[in-house]
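Written below as structure tokens is the structure these notes are about.
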Amino acid sequence: MTTTHQADAVVDYDEALSRFDPVMGLEVHVELHTNTKMFCGCPTEFGAEPNSQVCPVCLGLPGALPVVNEKAVESAIRIGLALNCEIASWCRFARKNYFYPDMPKNFQTSQYDEPIAFEGYLDVDVDDGSGGTEVFRVEIERAHMEEDTGKSLHIGGATGRIHGADHSLVDYNRAGIPLIEIVTKPLVGAGARAPEVAKAYVAALRELLRALDVSDVKMEQGSMRCDANVSLRAKTGEPTSAEQLAVPLGTRTETKNVNSLRSVERAIRYEISRHAAVLDSGRSILQETRHWHEDTGVTTSGRVKSDADDYRYFPEPDLVPVAPSRELVEALAATLPEPPAERRKRLQNDWGYSDLEMRDVYNAGAAELIEQTVAAGASPAAARKWWLGEPSRRANEEATDLVSYAAGIGFTPATVAELDSLVRSGRLNDSMAREVLSGVLAGEGGPTAVADAKGLELKQDDGALEAAVDVVIAANPDVAAKISDGKVAAAGALIGQVMKAMKGQADAGKARELILAKLQ
Amino acid sequence: MTDLPTDLTRATAAVLAEALASKTISSVELTQAHLDRIEAVDGAVHAYLHVDHEGALAAARGIDDRRSSREALGVLAGVPIAVKDVMATRGLPTTCGSKMLEGWIPPYDATVVTKLREAGLPILGKTNMDEFAMGSSTEHSAYGPSHNPWDLERIPGGSGGGSSSVLASFQSPLATGTDTGGSIRQPAAVTATVGTKPTYGGVSRYGLVALASSLDQAGPCGRTVLDTALLHAVMGGHDPMDSTSIDAPVPAVVEAARRADVKGLRIGVVKELGGEGYQAGVRSRFEESVQLLVDLGAEVVEVSCPNFEYALAAYYLILPSEASSNLAKFDAMRYGMRVLPEGVDAPSAEQVMSATRDAGFGPEVKRRIILGTYALSSGYYDAYYGSAQKVRTLIAQDFDAAFGQVDVLVSPTAPTTAFKLGDKLDDPMAMYLNDIATIPANLAGVPGMSLPSGLAEEDGLPVGFQILAPAMQDDRLYAVGAALEGALTDRWGGPILDGIPDLPSAGAAGSSNAKGA
């Protein structure tokens, strides 16, 4: 049995955008990869035996008390600084009270009106529609610290969801893992590019967090999770016009479970189309959470939310306030990596890529890989060519990202550099190198080993090549004559025949040199 | 040194500690004497919820062995103790006086309990208390009330009435308590025992089933000021497991108790904690004690703390608010009671939580959860919780101003002597008023002590004298308390508890107060 969802009416996206202006708000939860949990000493490893990483504190046993993980606070401050935020000189944790079986204390220790970081921004690059890029500034409302909940597993139902299950199990390993929640201000002015801006923001945020080395940022494992709020308002002009910006915001929905970059874009696109259909029919949007279904590409209704939702927040009396000193904040600021936007400009300059090439590299998530490959000795052009070719195609095919795909099969920047060195040393030509790459990706070994096994090596015997050139010139007197007359481009036809005669085992560049030398 | 009485259960902890150190007695002998006493009288008093015969004797044997092998031991090593059932004890039931935790055996020790074990005090058992420490009489215990050894018809105070009645009935020389609004001091007052609420953060809260986190403080209970100081020194100190724990040495409480000196000390009588609403006998015993302090060389002045008037109201907003959140964890999911709703085929987790909480919590607990949930609700937060926190600040400022003029403050501990069981059960407001003099210290986090100041002439029941000191000056409580105790004991011709009526022993027929078995 498969899941079926009552299909909601949707309006064609472009049509929706002709009448409505979309506004988004993105909440991203990031699990920090600290060694221990937010408020206790339990380990945080992903995928451990259920309930093997728990203690009285994260199980919420009577009497247990939390102690703040200093490392997590430092990570939170570094994230805040990297997002150009103000850092609170004094802030408190708060209890968010609600009952849920996977939440041990039935309150989440979080931050409420005193976040550790606030009022920042992240600049993201989006396509300007004519091959170039344009900077869109995403304003950050706040970044605050909290703890993750446990995980419920619903057993016995057909769908793995609570509905239809005959019992549920809870794994508390995740309970208490440090989370940073990063909340944007309402994103206005993106117009039809709203879904693309959202995706670019999440991608840029992921890149930033990876550069900060504070989280695994694996969306598929849930170490980075995105909730997307969407609302529509009447379109009255250009997205950034004063007239449009003055229109009050519509009712929003919050779509949860958006766990890939692609889903961020798709889910927002879908919600815009769905909202438009609801509004067109004269009904109003219900303020609710929606669940995104990756497989069917739709959202379904979750819990109805209202402003009356009352978490009875109050300052956490079991913890003392967090008061990072100026000195600490300055010391942490000194540990920040180069801002990704600047880094991108620098890399593009160093590598000599065009805007378009650079964008392709970023879209493929290949920048770090290329950087490491170049560091391992490859040329920037070769590094780009190899990473964006077959490996990217296969990663796409397997619906994963390039980094995960490469890591999964042990295909490293050093491998690519080795492949490039075989080409540059003249051992392999381009087509041979492609064959070697296929072998490497198929797990047959490293580039040199695969080339050896396949007996791939350019013939270094100039005599044989020269003989082949002579044979081909003799067989094509008319083409030879053209070349002699200065039509150098005609050499291509002869080179092809020489390579064919050599069964591909020759350096095409050298063949060209010989042909030209003999005929000019 | 004072002579060791034939009945070891009558001796003070200080005397017993010396007798153990000199090997005049063994810890096994001493522990057994107390277990026998429990056997004999606790049917009538009902001070213990659980007695750990084997564990106590095993710990006693361990200490005796270590002493035989000349190991260096703590001062109180071998002296048995009773632990309030609010403290998690590994391997020993911890119910907090609630059905909700019936049968729960913690997998860990509270830090205070760890310290007791490390100091070598055999744990006799767990003492009765109002459910989740909510009450002033132990009548809210799900396991039935404890009885005041001075008059079994009367309350032993609360929430720590188990610990106070254990001491007053010689079922242990020492006990632990927790004080959120007076739960150590008021039971001490109505049983003529001694109890201290240390500075907030002075004793670890790790492993205490939380009532109101910002108010709760564990502390020592004894029959003399010195005994209480000896226990305070064992229990106190910084704990990295409790973020609110103060990282500083325990104030020199034992030295202060031995010094017992008030010469030149400035003592403030709190104008707002006395007079109207205080029983005549409570007032006269209080005035006598103040006069004794003057005679001992202290300078006494009257001090006004105008905002104390609002303390009770603020307390009954802050406490239920924090409690409503602290008690949310009792949801039948991981430990404790689980009740399935009636007439529901496949109940959801939420339905099981609801049915369990309905069945597991008593009426006072429910009352406070509802109050707290209401006070924290959006739209009411500022008016209730927010205002209460402002009052709290004002009360702390009153203390600051008062301690600018005097070294310690004094007042009666409770407005009345022990009332009769059942008298105030149907009138929560009357019950709450019992803590009117003890609550300000909790709101401000300052330390306070109650010690006996005599018996009220109208009913012959004990009256408590409260001393309050600035934060981290807990030693002043002991200097003043021990001085006053010395003068009063001289006047009485012996310890006040020498005059307590004999209890009916187990097997004695006709004990109308004997509860359970």
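Taken in order, these protein sequences are the chains called A and B. With numbering that gives the first Met the number 0 applied, the first sequence covers 0 to 519. With numbering that gives the first Met the number 0 applied, the second sequence covers 0 to 516. Backbone N, C-alpha and C fix where the C-beta goes; we use that ideal spot for every residue, glycine too. Predicted model, so just to flag it, every value in this text is computed and none were measured.
A direct Cα-to-Cα measurement between A:Ala199 and A:Arg77 gives close to 21 Å. Under the DSSP definition of a beta bridge, B:Val407 partners with B:Ile266. Across the structure, B:Met99 and B:Phe329 are spaced so that their CA atoms are roughly 7 Å apart. A:Thr299 sits in a strand when the DSSP states are folded into three classes.
A Cβ of chain A is located within less than 9 Å of the beta carbon of B:Met86. By the CB criterion at 9 Å, B:Gly124 and B:Leu48 fall inside the cutoff. A:Lys36 has a beta carbon lying at 9 Å or more from every beta carbon in chain B. Within the segment 341 to 355 of chain B, the residues whose Cβ lies closer than 8 Å to some Cβ of chain A are Ala345, Ala348, Glu349 and Met352, listed in chain order. Cβ neighbours of A:Glu287 within its own chain (closer than 7 Å, five residues either side excluded): Thr252, Ser300, Gly301, Arg302, Val303 and Lys304. For the segment 183 to 217 of chain B, the set of residues with a beta-carbon nearer than 8 Å to any beta-carbon of chain A comprises Arg204, Tyr205, Gly206, Leu207, Val208, Ala209, Ala211, Ser212 and Ser213, in chain order. In the three-state scheme derived from DSSP, where H, G and I count as helix and E and B as strand, B:His45 is classed as coil. Secondary structure at A:His274: helix, using DSSP grouped into helix, strand and coil. The C-beta distance from B:Val193 to B:Ser449 rounds to 7 Å, short enough to meet the 8 Å contact threshold. For the set A:Val213, A:Pro390, A:Lys384 and A:Gly351, the Cα lying nearest the Cα of A:Thr334 is the one of A:Val213.
DSSP, reduced to helix, strand and coil, places B:Ser97 outside both helices and strands of the structure shown, so it counts as coil. If only uninterrupted alpha helix (DSSP H) runs of at least 4 residues are considered, those enclosed by the segment 301 to 345 of chain B are 310 to 325. Burial of B:Tyr477 is indicated by the presence of at least 16 other C-beta atoms within 10 angstroms of its C-beta.
At a cut-off of 9 Å between beta carbons, A:Ser167 contacts chain B. If you ignore the 5 residues before and after B:Leu115, its C-beta comes within less than 8 Å of the C-beta of Ile80, Val82, Ile122, Thr175, Val233 and Met234, all in its own chain and listed in chain order. Flagged as an interface residue toward chain A: B:Ser324, by a C-beta distance shorter than 9 Å. Excluding the 5 residues flanking it on each side, A:Ser262 has same chain C-beta neighbours closer than 7 Å at Trp291 and Glu293, in chain order.
When C-alpha distances from A:Ala276 are compared across A:Tyr171, A:Pro61 and A:Ser230, the shortest belongs to A:Ser230. For B:Ser452, there is no enclosing alpha helix (DSSP H); the enclosing beta strand (DSSP E) covers residues Gly447 to Leu454. In the three-state scheme derived from DSSP, where H, G and I count as helix and E and B as strand, A:Ser74 is classed as helix. With distances taken between CA atoms, A:Val27 lies nearest to A:Arg224 out of A:Ala63, A:Phe106, A:Val319 and A:Arg224.
The beta carbon of A:Lys70 sits no closer than 9 Å to any beta carbon of chain B. Less than 9 Å divides the Cβ of A:Met498 from the Cβ of A:Ala505. In terms of Cβ geometry, B:Leu34 and B:Ala18 do not form a close pair [threshold 9 Å]. Fewer than three beta-carbon pairs drawn from the segment 268 to 278 of chain B and the segment 129 to 142 of chain B are found closer than 8 Å, and the two stretches are therefore not classed as touching. With a threshold of 16 other beta carbon atoms within 10 Å, A:Glu73 meets it and is buried. For the segment 310 to 343 of chain A, the set of residues with a beta-carbon nearer than 7 Å to any beta-carbon of chain B comprises Arg311, Phe313, Pro316, Asp317, Leu318 and Val319, in chain order. For A:Asp122, the uninterrupted beta strand (DSSP E) segment begins and ends at Ala116 to Asp126.
Looking at the DSSP output, B:Gln465 bridges to B:Ser410 and B:Ser449. Of all residues in the segment 61 to 91 of chain A, the ones placed with a Cβ closer than 9 Å to any Cβ belonging to chain B are Pro61, Gly62, Ala63, Leu64, Pro65, Val66 and Val67, in chain order. Your pair B:Asn441 and B:Thr179 checks out as a contact, with CB atoms roughly 6 Å apart and the cut at 8 Å. About 7 Å separates the beta carbons of B:Leu291 and B:Leu487, which is inside the 8 Å limit, making them a contact pair.
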